[in-house]
Each structure stands twice: as C-alpha cells, then as structure tokens.
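S.K.:
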Amino acid sequence: MQIDLNIYPGTRISRVNPVIQPFAVALRELLKPFKKYTKEKLSYKGDGITTSHNCDFLYTEKFIKAYAKCYQSHGSLSINLHWRIHQALWCSAIAQHLQGDIIEFGVGNGLVMSSVLEVYEDWENSNKKLILVDTFSPHNVDHLSGKQDSSQPINPFYAKSLEYVKSNFAAFKNVEFVIGFIPNILSAIKVDNLSFVHIDMNYYAPEIAALEFCWEKIVEGGVILLDDYAYNGHHEQYSAMNVLAKKLNFEILTTPTGQGIIIKSRR
Ligand SMILES: C[S@@+](CC[C@H](N)C(=O)[O-])C[C@H]1O[C@@H](n2cnc3c(N)ncnc32)[C@H](O)[C@@H]1O
C-alpha cells in the first residue's frame, strides 16, 4: 500500500490542530483499506447540490463577508445560496479587470448584487456603475403571461419594496435603479459597455430580450450569469437560451446550481 502524507485543503484534517495532524494523517492511512466501508464525508449540501469535493471558498474571509450581506439583504431569513454567491463573486472578479458597467435584470431584494458590492475591491473608485433593473413588484411572475399582477402570490425573493431594496444598497455609490417591465423599459437603460450581466427574471421572454439588448455592449471577456438557465422546471428558459446561443454564437456552461455562465469571446 502506498503511504500518502499529504494534508489536503478543505478536509477535516486540514482544520484540526497542527500538533494532531500527523496522527490524523496516520489514522487516515491506516483506515484506507477499510474506506469502502465508510461513508464519504460531504463538504456541501444545498440548493440542489451534494458534493464531497473541496469547498474551501466557503471559509474565506471574502466569502463570509459577502454571504453575511446576502443574509442581511434578505431580512436575516434563512437562505441556502452559497454556491450562487460564489459564482457571482467569481463573475464580478472577472469584470473587475475589464472596462464596462455591471447590470442585473431581476433584482428582487438585491441578495446577489449587494453581496457582490460588499466585497468588490475599491468599488467607489472603480469607474463602474451598477444598474439594477426590475419592476420591484413583490408578486410572482405568471408563467403563462410573464406578468406580475396582484393575483399572483408574494414571493419572498422578490422586492419587498423599492425603498427596502434601496436600503440594501445605501452604503454603495454608483448604483442606478431602472424601474419597469422588461422589454418595455429597455430603451430607458443608458449604458455603453458592460463587463458583467446577471439575468434573473424567472421568465424566458424578458431574459432573452435583456441579453439581446446587452450583447453588443458586452466587452470581450465579459461575463453573463444566467440564474435560471438549467434550473429544475425552467425548461422554457433553457430552450430559449440555447436558441439564442446558436444565433449569437456563444457557449453556455451549465453549473450544478442550475445556472448558466457565458464568457463573451472574440468571434
Ligand atoms: C428571483 S427574483 C431576483 C432575485 C435577485 N437576483 C436577487 O439577487 O435577490 C426575480 C425578479 O425578476 C423581476 N422580474 C420578473 N419579470 C420581470 C420583467 N419582465 N421586467 C422586470 N423585472 C422582472 C421580479 O420583480 C423579481 O424581483
């Protein structure tokens, strides 16, 4: 049997007292032959994902700070969006090195974008603005009409009120709110270049319209995060985005959260 003395990041051993670590490694190696009889240790379970792989990002200072903001923006109600916040932070880290503003279609209470700004390096001096586009209605989207009338139930992930959402961004400069229904409101959005586009409106028609509107404005290397692309039950968005991908010639990465990620590359 080959002896492995490595201590791998993200494992329980990596987190125990360094004095104990050699003994823990020895025990791990001794128990290896019996491993098939032991249950694999999960490192993350939630939001449709179960994994035993390295999830060290969960314990970084940056992630903990961002996630605390997410939780606070949701009114300190329980949430399970770790992986989505991780992906949004990754997208904004890419955008940080590019020219162009950030835009979100479907803001709700601003969980994702307030987390992004909370840890964005020197946001105030970044020469970027964040444009937040939503009806800011708390009512669910009707899945036949795409409308949010008051006959639809209130969704806890949709805006409690415009004032409430604004309070979640009160600490940040360069944030613009565009209030209205997509696609009707698209012409009111004044932007030249975009580096990060987040689309999360739970309905295919405005999502396609939003991406078509943005496409030419997205700089090379810019990133698009589709919240519902492969999400369970959102087949219409999946099909419609795949048709748009063919038309505009881009590739979509499906992620385990049911999201999609696109990097706009040179064509
Ligand atoms: C799931 S929520 C967005 C959550 C948000 N990304 C966050 O980080 O908390 C979906 C949002 O899309 C908005 N929405 C749905 N259809 C829309 C449309 N046609 N035009 C504008 N906003 C729309 C809703 O008002 C709702 O706030």
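Each residue of the sequence shown is one higher than the last, beginning at 17 in my numbering.
All C-beta atoms in this analysis are idealised placements derived from N, C-alpha and C, irrespective of residue type, glycine included.
1) Does the distance from the C-beta atom of Ala204 to that of Val194 stay below 8 Å?
2) Could you give the first and the last residue of the continuous beta strand (DSSP E) run that contains Ser211?
3) Quick check on His155: does DSSP put it in helix, strand or coil?
4) Tell me whether Ala175, by its Cβ, gets closer than 7 Å to a heavy atom of ligand 1.
5) CB-CB under 8 Å to Pro272, same chain, minus the five flanking residues each way: which ones, in chain order?
6) Please state if the CB of Val191 and the CB of Leu114 are separated by a distance shorter than 8 Å.
7) Could you give the distance in angstroms between the alpha-carbon of Pro222 and the alpha-carbon of Lys61?
8) How big is the Cα-Cα spacing for Trp217 and Glu252?
9) Determine the direct distance from the alpha carbon of Val132 to that of Ala42, and round the result to whole angstroms.
10) Return the CA-CA distance between Ser92 and Thr76, expressed in angstroms with no decimal places.
11) In chain order, what residues of the same chain have a beta carbon less than 6 Å from the beta carbon of Cys107, not counting five sequence neighbours either side?
12) Examine the Cβ distances between the segment 261 to 271 and the segment 78 to 94 and report whether three or more of them are shorter than 8 Å.
13) Rank Asn209, Gly249, Val259, Gly237 by C-alpha distance to the C-alpha of Ile224 and give the top, closest one.
14) Just list the beta strand (DSSP E) runs in the segment 209 to 258, keeping only unbroken ones of 3 residues or longer that don't cross its boundaries, in chain order.
15) Could you work out which residue in Ile215, Phe229, Pro154 is closest to Val207 when comparing CA atoms only?
16) Count the other CB atoms within 10 Å of the CB of Leu46; is the residue buried (16 or more) or exposed (fewer)?
17) For the beta strand (DSSP E) containing Leu47, list its first residue and its last residue.
18) Please state whether DSSP places Glu120 in a helix, a strand or coil.
19) To which residues of the same chain is Lys163 closer than 6 Å at the C-beta, ignoring the five residues directly before and after it?
20) Thinking just about the alpha-carbon of each residue, which of Tyr247, Asn248, Ser59, Asn125 is nearest to the one in Cys71?
21) Smallest Cα separation from Gly196: which of Leu178, Lys189, Glu267?
22) How close, in whole Å, do the beta carbons of Phe121 and Ala226 come, if the pair is a contact with beta carbons under 8 Å?
23) Tell whether a beta-carbon distance below 8 Å holds between Gln18 and Ile29.
24) Does ligand 1 have a heavy atom nearer than 7 Å to the CB of Ser153?
25) Which residues does DSSP list as the beta-bridge partners of Asp150?
M.R.: According to the structure shown:
1) yes
2) 210 to 215
3) strand
4) yes
5) Gly64, Ile65, Thr67, Trp99
6) no
7) 31 Å
8) A small fix is needed here, since residue 217 is Met in this sequence, not Trp. Each residue's Cα considered, the two are about 13 Å apart.
9) 41 Å
10) 21 Å
11) Phe212, Val239, Leu241
12) no
13) Val259
14) 210 to 215, 234 to 242
15) Phe229
16) exposed
17) That residue, Leu47, is in no beta strand (DSSP E); its alpha helix (DSSP H) goes 37 to 47.
18) strand
19) none
20) Ser59
21) Leu178
22) 4 Å
23) no
24) yes
25) Ile195
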